[in-house]
Structures are given as structure tokens and as C-alpha cells.
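**Q** Next up is a structure, given as C-alpha cells.
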Amino acid sequence: MIPIITAFESSPDEGRGLARDMRVRWALEEVGQPYDVRLVSFAEMKQPAHRRLHPFGQIPTYEEGDLVLFETGAIIFHIAERHAGLLPDYPNARARAITWMFAALNTVEPPILELEQTGYTEGEKPWHSERLPLMKERIHARLRDLSTRLGDADWLDGAFSAGDLMMVLVLRRLEDDDILEAYPNLVAYIARAEARPAYQRAFADQLAVFTDGPARP
Ligand code: GTB
726 MIPIITAFES
736 SPDEGRGLAR
746 DMRVRWALEE
756 VGQPYDVRLV
766 SFAEMKQPAH
776 RRLHPFGQIP
786 TYEEGDLVLF
796 ETGAIIFHIA
806 ERHAGLLPDY
816 PNARARAITW
826 MFAALNTVEP
836 PILELEQTGY
846 TEGEKPWHSE
856 RLPLMKERIH
866 ARLRDLSTRL
876 GDADWLDGAF
886 SAGDLMMVLV
896 LRRLEDDDIL
906 EAYPNLVAYI
916 ARAEARPAYQ
926 RAFADQLAVF
936 TDGPARP
């Protein structure tokens, strides 16, 4: 059965792969599962038809027959559970890879989102510049520890896993900032992930939505 995911019809990032459908596209490419994409406008996302799939009126969603999922953490876990390639077989290694998925979403992403979202909503407020160093330090605290743990390893725990997929796409949200520059091993970690053929296929396919060019090089 070919799953269907939803993605932005028109993304504010114009195909830089920052919207979260990139997580699902990449996971499906890693496991070799073909998929279809239904593009939705911002207005459509808030309509009842889309809210039946996603109660919060967001993308991405994932439909596989009768199964409808939202939340990228749940979607990636579902894909990784049903296909080889994103989670190790050995139970303890598998549990550790799942732990890294949660660490990406619950520990590393929140301070990054806070910086991003307050930029949109409070950027013009007089207190914003005073809060910036505090928000950036919260991110640095996470990146310092992540960088220390990664050390000179290629991936967070042995072979590439869904934990790395999630972590890399969380870190990519910092690419407009200079924060990552202080962590060369994290910069190399992101580059290593971006060089994976599955990442490149996923990136090219989401970019093609905005460029109308060939979907793949
Ligand atoms: N926790 C959910 C998940 O992980 O699936 C979060 C889903 C989510 O935030 N979806 C966003 C959305 O639908 C798109 S990805 N937003 C519309 C809304 O809430 O009304 C977030 C995103 C959007 C755009 C960029 N960009 O242009 O750079 C980056 C990330």
C-alpha cells in the first residue's frame, strides 16, 4: 500500500527542506517505501477535511489505508517499526535509537523553536533583544552536551538511525544562525547526513514542489 503524506503547497522556506514533511520524506526514502504527496494550502489545512486527519490543522499527515497519523515523531516511529533500516534489531540498541528520537524532539528542539517563534511573534518588541542571549544560551547548553556526546563518532549510537534523522533535521533549523559554527563536529554530522542518497532524494522531491524543475538530479 502506498502511503500518502501531506505537505505545504506553498512553503515559506521555498524548498529548503525545513518544513516537517522533510522528516517523513527522508524516512520513507531511507526504507525504500514509495509514497504519494498531497499538497495543501494554509487555508485547506484549517478546514474540517484536513482537521479530520490532523486535529491541529498542520502538516505533515500520514495515511496508510485506514490508518491516519499526525506528529512526525509518531510517523517516523511507525515507519521505522514496519521497515528495516531506521532502527537496529538488537532490543537495547533499538531502545537507545528511540531515546535519541525523543531527545531530538523533547530536549534539543524546544529551545530552537522558542528562538525561531519569538523571532516571528516578538521580534519587534523592545524586550526581544534582551531575551535573545538567554534564548541562545539555552540552545548552546544543549548543543555543547550533544557535541560532547557525539565526539568524533559518525552517528549518535552506532549505525545511522531514526534518532539521527530526527536530530539532524532539528539541528538544520539553526542553519540561518551562526550558533552551530561553535560545534564543528555537529556541522560535520549534519553534512554527513545530508550526503546520504535518501536525504538527497527527499530534499530534491520537496524542492521540486516549489521549482517545478526535475524532481531528482
Ligand atoms: N509537532 C508537529 C510535528 O512534529 O508533526 C508539528 C507540526 C508543524 O509544526 N507543522 C507546521 C505547520 O503545519 C509545518 S512544519 N504549520 C502551520 C500551522 O501550524 O498553521 C514547521 C515549519 C514551517 C515552515 C518552515 N519554514 O518555512 O522554514 C519551517 C518549519
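Residue 923 in the numbering used here sits at position 198 of the sequence shown, with consecutive numbering throughout. Even for Gly, the Cβ is constructed at its ideal location relative to N, Cα and C. Since this is a predicted model, take the numbers as computed values, not measurements.
Check whether the stretch 859-877 touches the stretch 805-824, taking contact to mean three or more Cβ pairs, one atom from each stretch, closer than 8 angstroms.
**A** The stretch 859-877, when compared against the stretch 805-824, does not touch it at the 8 angstroms Cβ threshold.
**Q** Y924 to R776, Cα distance in whole Å?
**A** Answer to the nearest angstrom: the Cα atoms are 29 angstroms apart.
**Q** Let me know if Y787 comes out buried or exposed under the rule of 16 or more other beta-carbons within 10 Å of its beta-carbon.
**A** Burial call: buried.
**Q** What residue from A818, F733, I864 has the CA that sits closest to T832's CA?
**A** Closest option to T832, Cα to Cα, is I864.
**Q** Excluding the 5 residues preceding and the 5 following V893 in the sequence, name in chain order all residues of the same chain whose CB lies nearer than 6 angstroms to its CB.
**A** Same-chain partners within the cutoff: I915, A918.
**Q** How about D761: is its Cβ closer than 6 angstroms to a heavy atom in ligand 1?
**A** Not so, every heavy atom of ligand 1 lies at least 6 angstroms from the Cβ.
**Q** Checking 7 angstroms against the spacing of the C-beta atoms, do R926 and D882 come in under that value?
**A** Cβ distance not < 7 angstroms, so R926 and D882 don't count as in contact.
**Q** Starting from E767, follow the alpha helix (DSSP H) in both directions and report where the run begins and ends.
**A** For the sequence presented, residue 767 should be read as Phe rather than Glu. It spans 767-770 - the alpha helix (DSSP H) in which F767 sits, taken as one unbroken run.
**Q** Measuring straight from C-alpha to C-alpha, what distance separates D791 and R856?
**A** Cα to Cα, the separation comes out at about 46 angstroms.
**Q** Please indicate yes or no: does the CB of S854 lie closer than 6 angstroms to some heavy atom of ligand 1?
**A** No, the Cβ of S854 stays beyond 6 angstroms of every heavy atom of ligand 1.
**Q** In or out: M891 buried (at least 16 other Cβ within 10 Å) or exposed?
**A** When all chains shown are included, M891 counts as buried.
**Q** What are the start and end residues of the alpha helix (DSSP H) that includes T936?
**A** First-last of the alpha helix (DSSP H) with T936: 922-936.
**Q** What is the C-beta distance between R748 and T797, in whole angstroms, given that I count them as a contact (C-beta under 8 angstroms)?
**A** At roughly 4 angstroms, the Cβ-Cβ gap stays under 8 angstroms, so R748 and T797 are in contact.
**Q** Can you list, in chain order, the stretches of the beta strand (DSSP E) that have 3 or more residues and sit fully within the stretch 728-767?
**A** Correct list: 729-733, 761-765.
**Q** Look at the alpha carbon of Q783 and the alpha carbon of A732, and state the distance between them as a whole number of angstroms.
**A** Distance between the alpha carbons of Q783 and A732 is about 9 angstroms.
**Q** Using 10 angstroms around the beta-carbon of D746, count the other beta-carbons present and answer buried if the total reaches 16, otherwise exposed.
**A** D746 comes out buried.
**Q** With distances taken from CA atoms, which of A887, Y845, N910 is nearest P737?
**A** Answer by Cα proximity: Y845.
**Q** Can you name the start and end residues of the beta strand (DSSP E) that T832 belongs to?
**A** Neither: T832 is in no beta strand (DSSP E) and is coded neither H nor E.
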